Amino acid sequence: MPLDSDVVLLGTGVASLVAANQLVSQGYSVLLLNPDDDFFQEDSELSLDPLWPLTRNTFNRDRLLLNLPENAIAQLRPSFPGAVEYWSEKGSTAGFHDPAAPQLRQRSRLWVVGPESPPDQWDLFESLFIDGGDWGLKPQILDGVQAVGRFPGMAKIRNADHSRGLLLPSFCEFDVVNYREGLLEFLSERLGPERLICGAGQIELMPGGIRFTTGDKHYTARIHEGMLVFWTSRLNQWVLAKAKEVDRSLPLPDGIRLWEEWSLASRDKLDAHTIGTYRDMTVWAESSEGRELHRLSVLLAGPLLQFKEPGLSWADAHSFERLSSLCEFLNWESFAVRSMRHKAMFEWAKGSPAPFVLSKDPRTWVVAGCDGSLVDIVRRARSACTSFQEAREGNLR
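Here the sequence shown is numbered in my numbering, starting from 1 and rising by one per residue.
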């Protein structure tokens, strides 16, 4: 099997696919390796930016502006081989509509603060209100019923006098599943099964190339230009081991944040216009074109675990206590869980670092920031390809 390539990519999600699409379009021969049998087994992409933790570093200008619908779609469209559509609550009323096309959904973003919230939390939102006005985000402060009444899933409004909210009228949420599945299908045809390999094991660098296994077969490939490694928690041990072999110190994240994405069933039709955040839970109505919306997504921010010894665990009694507190806030008498998906993602307090060199032979770069918001992942993958091209001219050190 002729595997010698200009570039080898190692990754488990959308970032490696975006990079492969861009590099192949520019004339590079690409070999893409994924250690998992299911390409998206790690499931490291979120359909929206949770904007967590609630700190001034999180609410920075560039991050917020990236989530405006026009900026987000400008990042997503060039990397996708088909149409990317805007979603409407009423569905398509005219013209051709492809149900498999990924959709960008424009919604407002709302944070609600109540008497039980930390006393300094509203100070943060007041600062965002001032800065957001300067950045063109058109923020609004809502009081009492106005704030609580716009929260997605709110059944009845009670005891809202002491609640306040900050609203950003234009934000976005994106169809992750159709985007990544469409990209994978396109690249599977473009690269072929011999160059897009899942279940790759025993991946080892060697002078001028790489060796790995699939099943019981061993393969080697020369690398002419370099290798890009898209660093997520799934590849953490591999990256740390290679850094130790070459005595390379790495920029490290603050830890690994656990996330739980729950889907709850609602008796009442849900308002699809707003993404709401209450305490450490981000809530939105799941889109379902042509049908009434009765599914509420809840993204729970779990603990921040130590980087090297994470000890991952999900869905304990505390998770259900938090869901119960949310349903109490929404004035639901009870709730039914439809599903729960868990994710583990790096958290960088000051933002993930630029691509950096891990090994000189073969020349290997590590790309951080490959988990989290889909829009940010795509932006970073495209930027990494640009850095890779600049490195050929000696611009990356």
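Where is the CB? At the ideal position from N, CA and C, for every residue including glycine.
These figures come from a predicted structure and were not determined experimentally.
*How is Cys-370 classed by DSSP in three states: helix, strand or coil?*
In the sequence shown, the residue the question calls residue 370 occupies position 370. In the three-state reduction of the DSSP assignment, Cys-370 falls in the coil class.
*If you compare alpha carbons, which of Val-367, Arg-392, Tyr-219 is closest to Ala-381?*
The residue given as residue 381 occupies position 381 in the sequence shown. Nearest to Ala-381 by C-alpha distance, out of Val-367, Arg-392, Tyr-219, is Val-367.
*Inspect the beta-carbon positions of Val-298 and Leu-264 and report whether they are closer than 9 Å.*
The count along the sequence shown starts at 1 and reaches residue 298 at position 298. The count along the sequence shown starts at 1 and reaches residue 264 at position 264. Yes; because the gap between Cβ atoms is below 9 Å, this pair is in contact.
*So, using beta-carbon positions, are Gly-82 and Gly-165 closer together than 9 Å?*
Stepping through the sequence shown from its first residue, residue 82 is reached at position 82. Stepping through the sequence shown from its first residue, residue 165 is reached at position 165. At the C-beta level, Gly-82 and Gly-165 stay beyond 9 Å of one another.
*Less than 9 Å separating the beta-carbons of Asp-110 and Leu-167?*
In the sequence shown, counting from the first residue as 1, residue 110 sits at position 110. In the sequence shown, counting from the first residue as 1, residue 167 sits at position 167. For the sequence presented, residue 110 should be read as Leu rather than Asp. Leu-110 is a Cβ neighbour of Leu-167, given a cutoff of 9 Å.
*What residue from Asp-376, Ser-359, Pro-355, Ser-373 has the CA that sits closest to Glu-390's CA?*
For the purposes of this step, residue 390 is identified with residue 390 of the sequence shown, where counting begins at 1. Nearest of Asp-376, Ser-359, Pro-355, Ser-373 to Glu-390, Cα basis: Pro-355.
_Backbone secondary structure at Thr-213 - three-state DSSP_ = Translated into positions along the sequence shown, residue 213 becomes position 213. If DSSP states are grouped into helix, strand and coil, Thr-213 belongs with the strands.
*Helix, strand or coil for Asp-418 per DSSP?*
Residue coverage of the chain in this structure runs from 1 to 397, which leaves residue 418 outside it and unanswerable.
*Locate the beta strand (DSSP E) running through His-318, then write down its first and last residues.*
By one-based count along the sequence shown, residue 318 stands at place 318. From DSSP, His-318 is part of no beta strand (DSSP E) but of the alpha helix (DSSP H) over 317 to 330.
_Here's a check: name, in chain order, each residue in its chain whose Cβ is nearer than 7 Å to the Cβ of Cys-462, leaving out the five neighbours to either side._
Shown here, the chain extends from 1 to 397; a query on residue 462 therefore has no answer.
*Leaving out five residues on either side along the sequence, give the residues of the same chain with a beta carbon under 7 Å from the beta carbon of Gly-422.*
Because the chain spans 1 through 397 in this model, residue 422 falls outside it and cannot be assessed.
*In the DSSP assignment, find the beta strand (DSSP E) that holds Val-337 and state where it starts and stops.*
As a position in the sequence shown, residue 337 is number 337, starting the count at 1. Under the DSSP assignment, Val-337 falls in the beta strand (DSSP E) whose first and last residues are 336 to 347.
_On the criterion of 16 or more Cβ atoms from any shown chain inside 10 Å, does Ala-285 qualify as buried, or is it exposed?_
Taking the first residue of the sequence shown as position 1, residue 285 is located at position 285. The residue in question, Ala-285, is buried, as its Cβ has 16 or more Cβ neighbours within 10 Å.
_Please report the straight-line C-alpha distance between Leu-296 and Gly-302, rounded to a whole angstrom._
Translated into positions along the sequence shown, residue 296 becomes position 296. Translated into positions along the sequence shown, residue 302 becomes position 302. Separation of Leu-296 and Gly-302 (C-alpha to C-alpha, rounded to the nearest whole angstrom) is 19 Å.
*asked:* If you reduce the DSSP assignment to three classes, tell me which class Val-84 lands in.
replied: To locate residue 84, count along the sequence shown from 1; it is residue 84. Correct three-state label for Val-84: coil.
*asked:* When you compare the stretch 100 to 114 with the stretch 138 to 151, are there three or more beta-carbon pairs, one atom per stretch, that lie closer than 8 Å?
replied: With three or more CB-CB distances shorter than 8 Å, the stretch 100 to 114 counts as touching the stretch 138 to 151.
_Span of the alpha helix (DSSP H) around Tyr-278_ = Counting from 1 along the sequence shown, the entry for residue 278 is found at position 278. That residue, Tyr-278, is in no alpha helix (DSSP H); its beta strand (DSSP E) goes 274 to 278.
*Contact set for Ala-75: own chain, Cβ-Cβ below 6 Å, skip 5 residues either direction*: Locating residue 75 in the sequence shown gives position 75, where the first residue counts as 1. Note on identity: in this sequence residue 75 is Gln, with Ala being the wrong assignment. The residues are Val-375, Val-378, Arg-379.
*For Phe-346, which option in Leu-235, Met-281, Asp-131 has the closest C-alpha, if you only look at C-alpha atoms?*
Reading the sequence shown from its first residue, position 346 is the one you call residue 346. For Phe-346, the closest of Leu-235, Met-281, Asp-131 by C-alpha to C-alpha distance is Leu-235.
*asked:* Using CA atoms only, rank isn't needed, just tell me which of Ser-339, Arg-63, Gln-306 is closest to Ser-233.
replied: Residue numbering aside, residue 233 sits at position 233 when the sequence shown is read from its first letter. Comparing Cα positions, the closest option is Gln-306.
*Considering only residues of the stretch 163 to 223, which uninterrupted alpha helix (DSSP H) runs meet the minimum length of 4 residues and lie entirely inside it, listed in chain order?*
Every alpha helix (DSSP H) stretch that sits fully inside the stretch 163 to 223 and reaches 4 residues is listed by chain position as 176 to 191.
*Looking at Asp-4 and Val-30, is the spacing between their C-beta atoms short of 9 Å?*
Looking up residue 30 in the sequence shown gives position 30. Looking up residue 4 in the sequence shown gives position 4. No, the pair does not count as a contact, with Cβ atoms beyond the cut-off.
_For Val-460, report the span of its alpha helix (DSSP H) as first-last._
The requested residue 460 does not occur in the structure, where the chain is confined to residues 1 to 397.
*Just to confirm, are Val-113 and Phe-125 a CB contact at a threshold of 9 Å?*
Locating residue 113 in the sequence shown gives position 113, where the first residue counts as 1. Locating residue 125 in the sequence shown gives position 125, where the first residue counts as 1. Taking C-beta atoms as the reference points, Val-113 and Phe-125 count as a pair closer than 9 Å.
*Do you know whose CA, among Met-227, Ser-44, Lys-343, Ala-20, lies nearest Gly-13's CA?*
In the sequence shown, residue 13 corresponds to position 13, counting from 1. It is Ser-44 whose Cα lies nearest to the Cα of Gly-13.
*Under 9 Å between the Cβ atoms of Leu-331 and Ile-157?*
Taking the first residue of the sequence shown as 1, we reach residue 331 at position 331. Taking the first residue of the sequence shown as 1, we reach residue 157 at position 157. In the sequence under discussion, the amino acid at residue 331 is Asn, which differs from the Leu named in the question. The Cβ atoms of Asn-331 and Ile-157 lie closer than 9 Å to each other.
*Specify the secondary structure class of Gln-106 as computed by DSSP and reduced to three states.*
By one-based count along the sequence shown, residue 106 stands at place 106. Strand at Gln-106.
*If you draw a straight line from the alpha carbon of Asn-34 to that of Gly-153, how long is it in whole angstroms?*
To locate residue 34, count along the sequence shown from 1; it is residue 34. To locate residue 153, count along the sequence shown from 1; it is residue 153. Here the alpha carbon of Asn-34 sits roughly 39 Å from the alpha carbon of Gly-153.
*asked:* Suppose contacts are defined by Cβ-Cβ distances below 9 Å. Is Asp-175 in contact with Gln-237 by that definition?
replied: Counting from one through the sequence shown, the residue named residue 175 turns up at place 175. Counting from one through the sequence shown, the residue named residue 237 turns up at place 237. Not closer than 9 Å, so no.
*Which term fits Val-246, buried or exposed, when burial requires 16 or more other beta carbons within 10 angstroms of its beta carbon?*
As a first step, residue 246 is located in the sequence shown; it is residue number 246 there, counting from the start. Burial state of Val-246 is exposed, judged by a 10 Å Cβ sphere holding fewer than 16 other Cβ atoms.
*Which ranges would you report for the alpha helix (DSSP H) in the stretch 2 to 35 if only whole runs of at least 4 residues count?*
Listed in chain order, the alpha helix (DSSP H) runs fully inside the stretch 2 to 35 are 14 to 25, counting runs of at least 4 residues.
_Nearest-angstrom Cβ-Cβ length linking Asn-67 and Phe-151, presumed shorter than 8 Å_ = The count along the sequence shown starts at 1 and reaches residue 67 at position 67. The count along the sequence shown starts at 1 and reaches residue 151 at position 151. Asn-67 to Phe-151, Cβ: 19 Å. No contact.
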